[in-house]
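Position 266 of the sequence shown, counting from 1, maps to 266 under the UniProt record's numbering, and the rest follow consecutively. Glycine included, each C-beta is placed from N, C-alpha and C at the ideal position. A short worksheet on the structure shown next.
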Amino acid sequence: MSTFLVTGGAGFIGSNFIRYVLESTDHRVIVLDKLTYAGNRSSLEGLPANRMTFMQGDIADLGLLDELMPQVDAVVNYAAESHNDNSLNDPRPFVDTNILGTYALIESARRHDIRFHHISTDEVYGDLELDDPDRFTETTPYNPSSPYSSTKAGSDLLVRAWVRSFGLRATISNCSNNYGPYQHVEKFIPRQITNVIDGGRPRLYGEGRNVRDWIHANDHSSAVLSILERGAVGETYLIGADGEQNNKAVIETILEVMGEPAGAYDHVVDRPGHDLRYAIDSAKLRTELGWLPQYSDFRAGLEDTVQWYRDHEPWWRPQKAAAEAKYQLTGQ
């Protein structure tokens with residue numbers, strides 16, 4: 001049995017990872033979360049109190065981190081500012097959390113010789129042309145295009161430097177777009193689902209040709225646990241489930257799953273600098289660590305996700321009005 005410090009554990013993919021770990025292993029978890037608007041304490045409700053401890057705090061607080069590190073065997077860093085639109089409106093929180101917060105974590109982990117795993121994104125690689133036969137690999141050069149992706153790229157480089165310069169026992173994973181339970185309604189898939197639940201219409205950026213490589217949050221969680229258990233220190237692993245879909249197809253599938261006409265959506269102004277296509281080659285993770293995704297059927301995973309939002313309105317309802325008000329200010 002190990003004890004993990006999971007930062008950002010009240011957020012979307014962090015809370016899914018905690019649930020996965022507590023349900024599939026005997027490990028313990030200490031959760032550290034600042035509880036910004038994207039963190040939701042209720043995402044951790046119902047989990048065993050004897051195996052999970054919650055602490056509200058900032059990952060940039062070195063004093064707090066130095067108190068926590070001796071209590072854990074590994075750190076899993078999910079804490080991040082991660083919404084592209086928000087980074088275009090106000091980049092500063094992204095620098096504070098993604099750069100300065102990561103620095104504090106790896107510096108404390110180095111001092112206490114704690115195993116460290118850093119969660120990152122495929123957006124650090126920039127984008128691909130729609131007809132490009134290639135996919136991102138661990139050796140693809142970084143080419144971020146937004147304040148969000150550039151600060152995540154910077155945090156990755158900090159981790160790599162601490163591995164090489166100070167011997168930090170760290171790994172990195174870059175994952176494609178996640179979907180599933182407990183995702184904030186400002187994000188693409190839950191926004192469309194909850195719009196339809198409310199009797200409204202989904203909103204599609206531009207023509208909806210932008211392609212994302214979708215992965216269910218449970219598959220992301222199982223991959224991260226595989227890296228913690230079997231990954232080689234100093235290595236980067238790309239996590240993907242071969243789930244490429246363009247945004248138009250995703251909205252049309254959501255509408256069909258929810259019993260609505262496939263064309264019942266509205267086009268809105270496109271996001272500035274909107275990346276065209278992300279695509280992950282996860283061969284290294286699959287061949288070296290033996291990992292495989294369980295949600296290989298995107299439509300089936302989407303059906304489960306739609307049902308979760310239908311069944312958990314008390315969880316997402318308090319977020320909805322504020323999220324839509326922010327989008328209305330930008331005509332989206």
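Apart from the five residues on each side of it in sequence, which residues of its chain come closer than 8 Å, Cβ to Cβ, to residue i?
| i | result |
| --- | --- |
| residue 333 | Lying outside 1 to 332, the shown extent of the chain, residue 333 is not represented and no answer is given. |
| V306 | I193, I254, V257 and M258 |
| K248 | L204, E207, G208 and R209 |
| H312 | P181 |
Would you kindly check if the distance between the Cβ of residue j and the Cβ of residue i is under 8 Å?
| i | j | result |
| --- | --- | --- |
| Y295 | P202 | no |
| E107 | L62 | yes |
| N178 | A223 | no |
| L158 | T121 | no |
| R212 | S176 | yes |
| D127 | Y205 | no |
| Y148 | H83 | yes |
| L168 | A74 | no |
| N50 | A10 | no |
| S155 | Y237 | no |
| V72 | F12 | no |
| A79 | G8 | yes |
| W214 | F298 | yes |
Within the same chain, show all residues whose beta-carbon is closer than 7 Å to that of residue i, passing over the 5 residues directly before and after it, in chain order.
| i | result |
| --- | --- |
| A232 | none |
| T151 | F94, V95, N98 and I99 |
| E235 | T171 |
| L130 | R209, V211, L276 and R277 |
| W308 | P181 |
| H112 | M69 and P70 |
| P133 | none |
| R310 | I197 |
| P293 | I215, D219 and A241 |
Out of curiosity, what's the CA-to-CA distance linking residue i and residue j?
| i | j | result |
| --- | --- | --- |
| E138 | Y125 | 10 Å |
| D198 | A321 | 11 Å |
| G14 | L44 | 10 Å |
| N210 | Y278 | 9 Å |
| L302 | H184 | 16 Å |
| G240 | L68 | 32 Å |
| R317 | M55 | 25 Å |
| A323 | S146 | 20 Å |
| R28 | Y327 | 39 Å |
| Q245 | R160 | 31 Å |
| N89 | L329 | 11 Å |
| I189 | A300 | 14 Å |
| D219 | H274 | 26 Å |
| H118 | E260 | 40 Å |
| T36 | S221 | 22 Å |
| T287 | S24 | 22 Å |
| K187 | D85 | 10 Å |
| P144 | E81 | 15 Å |
To which residues of the same chain is residue i closer than 6 Å at the C-beta, ignoring the five residues directly before and after it?
| i | result |
| --- | --- |
| T53 | I30 |
| L105 | I59 and N77 |
| L289 | S226 and R230 |
| W291 | A223, S226 and L285 |
| D26 | M1 |
| D281 | R135 and T137 |
| V268 | R203 and Q332 |
| R115 | A74 and R169 |
| N195 | P202 |
| R191 | V185 |
| A38 | G11 and H184 |
| K34 | D58 |
| D66 | S108 |
Which first and last residues belong to the alpha helix (DSSP H) in which residue i is found?
| i | result |
| --- | --- |
| residue 337 | Because the chain is modelled from 1 through 332, residue 337 falls outside the range shown and cannot be assessed. |
| N84 | N84 to N89 |
| Y148 | P147 to F166 |
| R19 | F12 to S24 |
| N40 | Run containing N40: none; DSSP gives neither H nor E here. |
| P190 | F188 to I197 |
| A283 | A283 to L289 |
| G63 | L62 to L68 |
Tell me the residue span of the beta strand (DSSP E) that contains residue i.
| i | result |
| --- | --- |
| H267 | D266 to V268 |
| H112 | Note, H112: premise wrong, no beta strand (DSSP E); alpha helix (DSSP H) at T102 to H112. |
| N77 | A74 to N77 |
| T53 | M52 to Q56 |
| R203 | R203 to Y205 |
Could you tell me which residues DSSP puts in a beta bridge with residue i?
| i | result |
| --- | --- |
| Y237 | S173 |
| S120 | N174 |
| N246 | V211 |
| F4 | V29 and A74 |
| H216 | Y179 |
| L128 | R277 |
| R317 | None; R317 has no bridge partner. |
| residue 339 | As shown, the chain starts at 1 and ends at 332. That puts residue 339 outside it, with no answer to give. |
| R115 | A74 |
Residue i: beta carbon under 7 Å from a heavy atom of the ligand PLP?
| i | result |
| --- | --- |
| V21 | As far as ligands go, the structure on display features none, and thus does not contain the ligand PLP. |
For residue i, decide whether its Cβ has a neighbour in chain C, counting only Cβ atoms nearer than 8 Å.
| i | result |
| --- | --- |
| A80 | Protein chain content of the structure displayed is limited to a single chain, and chain C is not contained in it. |
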